[in-house]
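Participant:
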Amino acid sequence: MTTYYPSAKIRLAIRLEEFGSKLVDRAPKKAAKNLRGTAIDRTNLKATEEDAPGGGKVWRIVGPNSGARPTQPEKSALANTYAVRGILPVSASLKRNGVRLADTLGFQLLARDFPIDPRLVRSCAVEFFLGVVSAEEFAAGQNGDRRSNGEPLDLIADETTWSDGVTRSNLRFQGWADKVTASYTVDALSVVNFECTDNTRLLLGQPAPPNLRMDPKLPIEQMIAEYLAHFPAFEGFAVRYLPQVAQGSVRVEKAMLHSAWPPHLGPPPSGGGGAAGGGAGALSALDYVFQVANAVGHSVRIVGAEIMIQPSNTIWGGRRAKRYGDSYTKRTTPEGVNLPHRTLVHGWNADLEFSRAFAGTEAKNVEVRSYNSARKQMTVGRYPEKGEKVIAALPGGKEDDKWQVIAIRPNVSAEMCKEIAQQAYEARARTELAVVAKTKHLGSLGADGMSPDLLDLEAGDPIDMLRDMSEAEASTFAAEERAFTAASTGAEYLVSLGYDQEFAAAYAAARTHVGMQRTFYTREAAFNFAAEDQGLDITVSATNYIEVRLDPDKKP
Amino acid sequence: MESQILLEELGPSGPGLRPRRLILPPVAGPLAGSAPWATEQRVAPSWSSRQGEASHQVLGSKLPPATWSGEWRTNLLYRAPALFTDERGEQRQIVSPGALDLVFESLTRGGQEIRVAWVVEGQIGTTNTTRDVIRKTRVGRITNYTVTPNTADVMTWSVTWEWLGLGTTPQVAVDKGASFDAEAGDLLREIKGLEDLNPAKALDFHKTLSDVEKIATAPSSIVNDVQNQVQDITSGIREVAMVANRAARTTSQSANSMLGFAKEMGATVRRACEDIGRIPAELMSRDDEPAAVIRANAAMGANVQALHRVDAAALTLEEASRQKLPSSKGGATPALRVHVAKEGDTPGNVSIKYFRTGDRAADILRANRMPLHRATFEPGEKLLIPSQALEVET
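First to last, the protein sequences are chains A and B.
First residue of the first sequence: 109, per the numbering used here; consecutive thereafter.
First residue of the second sequence: 5, per the numbering used here; consecutive thereafter.
#1: What does arginine 113(B) touch in chain A if you count any residue whose Cβ is under 7 Å from its own?
#2: With distance defined between alpha-carbon atoms, name the residue in Gly505(A), Asp509(A), Ala501(A) nearest to glutamate 493(A).
#3: Quick check on threonine 620(A): does DSSP put it in helix, strand or coil?
#4: Can you tell which of Gly606(A), Lys325(A), Gly344(A) has its C-alpha closest to the C-alpha of lysine 362(A)?
#5: Count the other CB atoms, across all protein chains shown, that sit within 10 Å of the CB of tryptophan 161(B); report buried if there are 16 or more and exposed otherwise.
#6: Looking at C-alpha atoms only, which residue of Val198(A), Gly568(A), Arg168(A), Thr189(A) is the closest neighbour of lysine 430(A)?
#7: At the 9 Å Cβ level, is valine 354(B) part of the contact set with chain A, yes or no?
#8: Sort Ala482(A), Tyr335(A), Leu460(A) by Cα distance to isoleucine 169(A) and report the nearest one.
#9: Strictly by DSSP, which residues pair up with tryptophan 284(A)?
#10: Can you check whether the C-beta of asparagine 257(A) is within less than 9 Å of a C-beta belonging to chain B?
#11: Excluding the 5 residues flanking serine 357(A) on each side, which residues of the same chain have their C-beta closer than 8 Å to its C-beta?
#12: Are the C-beta atoms of threonine 110(A) and some chain B residue less than 9 Å apart?
#13: Is there a Cβ from chain A that is less than 9 Å from the Cβ of glutamine 61(B)?
#14: Nearest chain B C-beta to lysine 548(A) closer than 9 Å, yes or no?
#15: Using the three-state DSSP reduction, which class does aspartate 561(A) fall into: helix, strand or coil?
#16: Using a 10 Å radius around the Cβ and a threshold of 16 neighbouring Cβ atoms, would you call glutamine 512(A) buried or exposed?
#17: Would you call the region 117-126 of chain B in contact with the region 8-21 of chain B, where contact means no fewer than 3 C-beta pairs closer than 8 Å?
#18: Rounded to whole angstroms, what's the CA-CA distance from proline 419(A) to leucine 394(A)? Just pull it up for me.
#19: Checking contacts by CB at 9 Å: is glycine 64(B) closer than that to chain A?
#20: By Cβ distance below 6 Å, which residues in the same chain neighbour serine 199(A) in space, the five residues on each side in sequence not counted?
#21: Indicate the three-state DSSP secondary structure (helix, strand or coil) for aspartate 459(A) in the structure shown.
#22: Quick one: what's got a C-beta closer than 6 Å to arginine 119(A)'s C-beta in the same chain, skipping five residues either side?
#23: Please list the partners that arginine 46(B) has in chain A, where partner means a Cβ-to-Cβ separation under 7 Å.
#24: Against chain A, which members of the region 80-109 of chain B pass a CB distance test of less than 9 Å?
#25: If contact means a Cβ-Cβ distance below 7 Å, which residues of the region 227-256 of chain A contact chain B?
#26: Starting from the Cα of methionine 364(A), find the closest Cα among Ala354(A), Ile528(A), Pro376(A) and give me that residue.
#27: Measuring only the C-alpha atoms, how far is alanine 337(A) from threonine 147(B)?
#28: Would phenylalanine 466(A) be called buried (16 or more neighbouring beta carbons within 10 Å of its own) or exposed?
#29: If you drop the 5 nearest sequence neighbours on each side, which residues of the same chain put their C-beta closer than 8 Å to that of glutamate 414(A)?
#30: Going by DSSP, name the residue or residues bridged to glutamine 97(B).
#31: Is threonine 268(A) closer than 9 Å to methionine 624(A) when the C-beta atoms are compared?
#32: Mind checking serine 331(B): buried by the 16 CB within 10 Å criterion, or exposed?
#33: With the cut-off set at 9 Å, would you say tyrosine 113(A) and aspartate 266(A) are in Cβ contact?
#34: Beta carbons nearer than 8 Å to chain B: which residues of the region 612-636 of chain A have them?
#35: Could you tell me the distance, in whole angstroms, from the CA atom of methionine 374(B) to the CA atom of threonine 380(B)?
#36: Counting only beta-carbon atoms, is leucine 168(B) nearer than 9 Å to chain A?
As structure tokens, this is what we get:
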């Protein structure tokens, strides 16, 4: 039996409005166009290289108001900004979305814990801590003991030492309140609702000025940090290159040398930047960062207040590097089974739902084009090849065999273009296997009560989803499948149920040769915490693809 | 073991006002078995079909709402009134269910956080001779208060608490002994301070139910008259106490002659108590303000308490009269003497001092309305020493 003592807390930094302040002799200017609600002198921002806590270096954008994190400013520097220490939320729902989407957090505070009128709040930074406390701390907290900072011992600490002896942060979300709603009710206890998005939203909300370009001579991480240091909203952010060993080695200038653009001007924002047109479709600073990083084969992730730049991984890429900061450690079960990834087993520590989403789109011929700046011509890769084109019927007896053209970064080899074309082709008409796992176990298989490694799960993480069919009572499906395999042939079993002989034989053949995927990739992870009764539920949505079109010479 | 329930507002109900405080004696508190103090540990279990055991998420303790119920009876409240400190800091005794109803309604409507403490006093264990206090405390609000008047003298009530936390123990312990001291002091003052005798005036007060009904519908001037009359009867009965005191100093023959008078006096006092108890508390007020009603009721309660003490004095007189005191020992022996307790005084010591035997310890405790297991007296505590005449019989 595993026992967890889950706990959560919310920490806020509140910037109040200046209503009635005698310090302001005239109406204050409208809030700057960022969620932090304050105007900061951008000339004071600069990017500096620092030693990162987890090893290696980061480029941090520092200014006069920099606290430990963007969501934790120094009160002395930011006028009318105050830190509010940990409050236990009644409920909280954290959603970790994909890399291009901001993580979202919704939570509720009791009005008696947070008797603040949202109309007086100009902006609100939010930090969400979620994890487990030890049995000893829990008991002491229940008896009224407190930490040195005044928080009860049974309220989650900022950091917890796991069973492996490593102290890890319990900070699961850093972001900003988008909406605060105070519900004054009569019958029930009044609550204050918060809807928040993480720091990604700051980057998405910052338009990219059309004439501001990155300096391609700098290493990519420094280049991005210098660029972001132009914007006051990014004070406190850091840019980190992964893996650490390659820090400082990637320069955009080299890639640009072979392009049609003058390298000394830096990579241009597509469409002339966001400030020119304005509006919702304007290019954001994050879009520009993505464009530049992608152009040299790198992906961008935002974790907390760090912008991670690293070479791209794909699902086709074979061995994947372990995510930086991933708390999961490989383990072996007592039976000797290796668990390279977090593992959830239906009937053991999770309830799983498998589904197959059939493709709703038709197959399309794909042509990938890359400009070769040295030879001044276009490199083309196609899938399928010309002779194997997919031909779709159109009304009026016409045929559609056109190519879907995808323009990619310059100077990519023909082989790579073909590879990309195949990926795009498979992705377009792909059939997804989806699995949704629900569990109240905070650790994956093999973890104990003080190692909640599922709380650290992020979009893109691999996770093994298995189903135990050894026990008949695990599910009705399992009982049927055992009967299926117990029959001398599966076909006989189906025939005994009244199925047609031909179908039974075909299904039995397919069933026997199937190689069920066990590793899925996390698409979304949701953590729902209800302090009152339900505790902490984790829902993981993961996906994989049916690879039935693999060329024989390709290794899966 | 004696127990009380203390209700104390944590904040004032308005500027310049003080938090209110109510002490409920056992007769005014919840009935036995009707005041649960529950604590709940919230556990979210998780079962998977393959698992033989559940996994637990332990979420923390919670204090579920509690409903307490009880009954207020006038005759019981006379014996042990509730103590109420109002928003002006004035302390009153409450003997009427109606007045308690007003207090509880006011506390409910006020919506203030209330500290609720259960205080149990007495000797804990067999070897420990010190006086221990067990407290159970909660902080909460009254979310539902229901009262059902059965008759004017009997009301059934229930209170539902929504707890906010465990709270801290009260700054000042509720000391049951304090009320005993006050009571004894009052009696001493009454006995020593009265000079004149006017028993006829004291016996003048007796009202039938129909009189009471008339009073109930009377305008405020009549009510005021009733209140004045109550004041008068109190004064008269204090004088009767003086009679009792003096009678106790006489010889046994005189005491015998006073016996009939004492019996009649006791009966009269009891009748007066019952009659006053029938008067609704609201009529004791000059206006409709709850606070004024409560104050009026408290004054009434104080009077009734005085009646009780006089009743007790009359009983003492009756008892003394039965003893047929020898003339050699009677004479100047007072019926009631006062002993101011010193450090280390015990009922046994005091008994030996006054009666040359430790066997009268229980009588001393009884005379001072103290629990019979009381082991020591606090220094400075004033004790009534029963008549020495009783010594002869023991």
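Heads up, the beta-carbon is just placed ideally off N, CA and C, and yes, glycines get one too.
Predicted, not measured: the structure shown is a model, and the values here were computed from it.
Facilitator: Inspection of the coordinates gives the following:
#1: Here the premise fails: no neighbours, minimum Cβ distance about 14 Å.
#2: Asp509(A)
#3: helix
#4: Lys325(A)
#5: buried
#6: Gly568(A)
#7: no
#8: Tyr335(A)
#9: Ala233(A), Thr305(A)
#10: no
#11: Pro327
#12: yes
#13: yes
#14: yes
#15: helix
#16: exposed
#17: yes
#18: 17 Å
#19: yes
#20: Gln216, Ala638
#21: strand
#22: Gly194, Glu235
#23: Asp641
#24: none
#25: Phe246, Gln250
#26: Pro376(A)
#27: 55 Å
#28: exposed
#29: Val166, Phe345, Ala346, Val347, Arg348
#30: Leu87(B)
#31: no
#32: Confidence at serine 331(B) is low in this model, with a pLDDT of 40, below 50, so the placement of that residue is unreliable and no value is reported for it.
#33: no
#34: none
#35: 11 Å
#36: yes
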